[in-house]
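The sequence shown begins at 6 in the numbering used here and counts up by one. Virtual Cβ for every residue (Gly too), placed ideally from N, Cα, C. Keep in mind it's a predicted model, so treat the numbers as computed, not measured. Worksheet: one structure, shown below.
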Amino acid sequence: MPADTEELTRASAEAPAGAQAGAGAEVRRRLAALVTRRGLVAAGVILGAGSLYWLLCWILSSAAASGSDTANIALQGWDLWHHNPKLRHWITGDANFYTFETVLYAVLERIMGLGATTMHVVSGLTYTLVMLVTAWLVRGDERGARAYCRFGLVAAFLAFPMFEGDLAPTLLEAPDHIGTAVFILGAYLLCDRAAGRRWATWCLFALLVLGQLGDATVKYVGVLPVVLVCASRPLFARRLITPDLWMAVAAAASVPAQATLRAALRTWGAYSMVPPKTRLADSHLWLGHLHSTLISLLTLFDIPTSTPTRPLWPIAAVLGAFVLLAGLYGAVRTLLSWPRAAAADQLLTVGVPTYLAAFAFSTMVLPGAGSAYEFLGVIPMIVALAARNLPLPAARRLPVLAAASGLVAVAVFATDFRPAGIAPQETVAAWLKAHGYKYGIAGYWDASSTTVDSGNAVGVRAVVQTQKHQYAVYAWVTKTSWYDPAHNYADFFVANPGTPGLREADVEAAYGQPEAVYRVAGRDIMVYRTNLLADLIQAKAPNF
């Protein structure tokens, strides 16, 4: 073949290949641009919706007074940022939230300072983060309008318990395990979406270690379901070594790792902790505990178990019942298709009854719904089961459903919008600050909340009356160095006429006649010339 003919033949053969390569590059470029645009739109929607949800939760939280439980965590965050990362000298509660809420407070207080507004902002942010993690878990493989619909369902369902504001203070104000759901659902999310990726095993391990360090609930509701489900999934795959098995190993290893880390922290002088109540209740109490658990669960979803008093209670009951029944439907649907079910559905189906059983058979149960706050994390778990499994309408109606879900969430929040009241502690804090008082003692519910309301300008420390009519350090979420008479001088007592053991007569029996008494916002501020800390019975920090 002549040389020119050979070159022409080669050129004609290479031309289509070059054209195809160019066309392929163009397609990839356009696809990347499209994905980027979609990603930006999705990020914008999530950021906007999340910010709006945070704003609504913040406004709702601001209408209620933050108690000393919340204030103590805020003070821990203040210490965490101010050169005390180990929380040395602190005695925390049986759930210390050291690895989540305390960190959020530290960051926000760095920006906003210590005060009531910061507490409300963090309360709203915590619930919003729970909503976002739940929505991420619920999305699964969905994309586009279907994903937005699932997102909207989660936002609406998590708003339902706050209808008319009955549960808003419990969900938003007190750090009562709702934030723990971030660790539990985050672990489920990793198992569902990231199993098989090299980094996922280590992330799951770290997440569960940190979760258990802050709240023992994670051990029973996070670790146990992950081990059971992920260890059993290889049986259905008919393979011994699978990514799920490694996730189960990582979850199991997190338990001794957390215990080792906690022991190391104690050795290094970190906080001591009131031991969690992990003992089983006596068997003769179980039936009553199961009844109380059921009452508590219905209460968490706004279903009345006694004579209702709110005008819109039927609407609240219908909304709550719908979510509960939808969650039950999701669990049954998962059980019927167990070998083919997604890991998230399996984990939620195991996790919800595990959570309820861990509470029901424990010593934490109070009659009726008195201790429902102990398992608040079950709300987003049931919401996730419901929102993942509810069938969606035809594609053309998906945008309508997504928008309607968001509007329902806003409408539910609106039922609780009310003018913010002024708590007695705020008035007392302002009075003490204005009159130059710096340090004193009070009952638990008037102590740290007054301190935070004053912006830490006034320190009020919690005490409790003993059987011998003396006062002792209230050894629950407190700092022992606060009560050292060599470094602090407490010259007033905030007495509460409505609380036995904290009345003016009780204080006089322990400390004698005060120099002056001032009535402020229903409290008696009793001023002394002596250091009241000198006669306090000091607390012994628990070795846990």
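- For valine 226, there is no enclosing beta strand (DSSP E), as DSSP marks it with neither H nor E.
- Distance from the CA atom of valine 234 to the CA atom of leucine 209, rounded to whole angstroms, is 14 Å.
- The beta carbon of valine 512 is closer than 7 Å to those of Phe498, Ala500, Met531 in its chain, skipping five residues each way along the sequence.
- Under the DSSP assignment, phenylalanine 306 falls outside any alpha helix (DSSP H); it carries neither an H nor an E label.
- Secondary structure at leucine 270: helix, using DSSP grouped into helix, strand and coil.
- Glycine 120 sits close to aspartate 458, with the two beta carbons spaced by under 9 Å.
- Proximity to serine 454 across Ile78, Ile64, Val46, Leu229 peaks at Ile78, based on C-alpha coordinates.
- Between the region 63 to 74 and the region 137 to 147 there are fewer than three inter-stretch CB-CB distances shorter than 8 Å, so the stretches are not counted as touching.
- Assigned with DSSP and collapsed to three states, alanine 408 falls in helix.
- In the DSSP assignment, arginine 393 falls within the unbroken alpha helix (DSSP H) covering 383 to 394.
- For the pair glycine 82 and glutamate 106, the Cα-to-Cα distance works out to about 8 Å.
- Shown here for phenylalanine 549: same chain residues with a beta carbon closer than 6 Å to its own, the five before and five after excluded, namely Met278, Pro280 in chain order.
- A check of alpha carbon separations from alanine 331 across Leu340, Ala68, Leu395 identifies Leu395 as the nearest.
- Shown here, arginine 466 sits in a strand according to DSSP, grouped into three states.
- The C-alpha of isoleucine 183 is placed about 9 Å away from the C-alpha of glutamate 379.
- Under DSSP, leucine 285 shares a beta bridge with Ser367.
- Threonine 471 places its beta carbon 9 Å or farther from that of alanine 546.
- In the structure shown, glycine 356 falls within a helical segment according to DSSP collapsed to helix, strand and coil.
- Proximity to threonine 139 across Ala392, Met117, Leu329, His296 peaks at Ala392, based on C-alpha coordinates.
- Your pair glycine 157 and glycine 464 does not check out as a contact, with CB atoms roughly 46 Å apart and the cut at 8 Å.
- Taking 9 Å as the cut-off, the Cβ atoms of alanine 407 and serine 297 do not count as close.
- Under the three-state reduction of DSSP, serine 376 is assigned to coil, being neither helix nor strand.
- In this structure the region 128 to 139 lies against the region 47 to 63, because at least three pairs of beta carbons, one per stretch, are closer than 8 Å.
- DSSP places isoleucine 116 outside any beta strand (DSSP E); the residue lies instead in the alpha helix (DSSP H), whose first and last residues are 106 to 117.
- In the DSSP secondary-structure assignment, isoleucine 542 is bridged to Ala477.
- Judged by their CB atoms, valine 468 and valine 482 are not nearer to each other than the 9 Å cut-off.
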